[in-house]
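What follows is a set of notes on a single structure, which appears directly below.
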Amino acid sequence: MTANPTREGLDRRSAVQELLKERENILVVTGLGSPTYDVFAVGDSDANFYLWGAMGGAALVGLGLALAQPQRPVLVITGDGEQLMGIGGLLTIATKKPGNLSVVVLDNGHYGETGMQLSHTGLGIDLHKIADAAGLEATEIKDMAGIAGLRRTLKHLSGKPRFATVRISAENPKRVLPSRDGVYLKNRFRAHLGLAVN
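FYI, in our numbering the residues of the sequence shown are 914 to 1111.
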């Protein structure tokens, strides 16, 4: 099958910008590739933890952070390809039940970092249905009103962990790259949390 670059959906950068409006004390973990570029394009923050590797691990990094920082809302922003690789992580999140964790998947139905091949979601798999079956509070978002509604839930510290599939168009906007220095990113994030920097 070939990629369909005309897939309907939201503009990814606009969706992320709307999602991060008035974020205040939300800690953000980004998945490998385009979600990192999207979050950085909206505006850098010491409260952003950009993952440059560990494909499939973004939701689990968010889980660890949510458990370690229960008084802070944690938002994971990742892509469908990255989340598909870490699908089992949703089950672990469901068993741990961190009420301060939200996982948002920017789903364009393609593997954007490797040539825009169709992903499983492009072939009909619905990640939010998997998350719902696992016990997360899951939804599918197709418009900006849905993004605004989701944004209002991100600061909740109790209840079920939240999961949202955001349908975005299959486009590759210009890359906007944060630092790739892992030590710098780790130390800056630890300093933001008031932890010792090694």
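The C-beta atom is built at its ideal place from N, Cα and C for all residues, glycine as well. Keep in mind the model is a prediction, meaning the values are calculated, not measured.
Roughly how many angstroms lie between the CA atoms of residue i and residue j, to the nearest whole one?
i, j, result
"PHE953", "VAL974", "18 Å"
"VAL1110", "LEU1036", "44 Å"
"GLN996", "ARG1103", "25 Å"
"ALA981", "LEU1108", "12 Å"
"ARG1093", "ASP951", "15 Å"
"SER947", "THR1066", "24 Å"
"ILE1043", "VAL1096", "34 Å"
"LYS1068", "ILE1081", "23 Å"
"THR1005", "MET998", "14 Å"
"ARG926", "PRO1086", "8 Å"
Is residue i helix, strand or coil by DSSP?
i, result
"ARG1093", "coil"
"SER927", "helix"
"MET914", "Note that MET914 scores 34 on pLDDT, short of 50, meaning its location in the model is unreliable; the coordinates nonetheless yield the value given after this. Coil."
"ASN1100", "helix"
"LEU933", "coil"
"LEU940", "strand"
"GLU921", "coil"
"MET998", "helix"
The ligand MG and residue i: does the residue's C-beta get closer than 8 Å to at least one heavy atom of that ligand?
i, result
"LYS1073", "Of the ligands one can find in the structure shown there are none, so the ligand MG has no counterpart to examine."
Grab the span of the beta strand (DSSP E) containing residue i for me, first residue to last.
i, result
"LEU1014", "1014-1020"
"ILE990", "987-992"
"ASN961", "961-963"
Under DSSP, the alpha helix (DSSP H) around residue i begins and ends at which residues?
i, result
"LEU978", "971-981"
"LEU1003", "1001-1009"
"VAL952", "947-955"
### Query
Hey, which unbroken runs of the beta strand (DSSP E) at 3 residues or more fall wholly within the region 1026-1080?
Annotation: the region 1026-1080 contains the following complete segments of the beta strand (DSSP E) (minimum length 3 residues), in chain order: 1050-1054, 1075-1080.
### Task
Say whether the region 984-992 touches the region 1050-1057, bearing in mind that this needs 3 or more beta-carbon pairs closer than 8 Å, one atom from each stretch.
Not touching, per the Cβ criterion.
### Query
Do the region 1010-1018 and the region 956-963 meet, that is, are 3 or more Cβ pairs less than 8 Å apart?
At 8 Å Cβ cutoff, the stretches do not touch.
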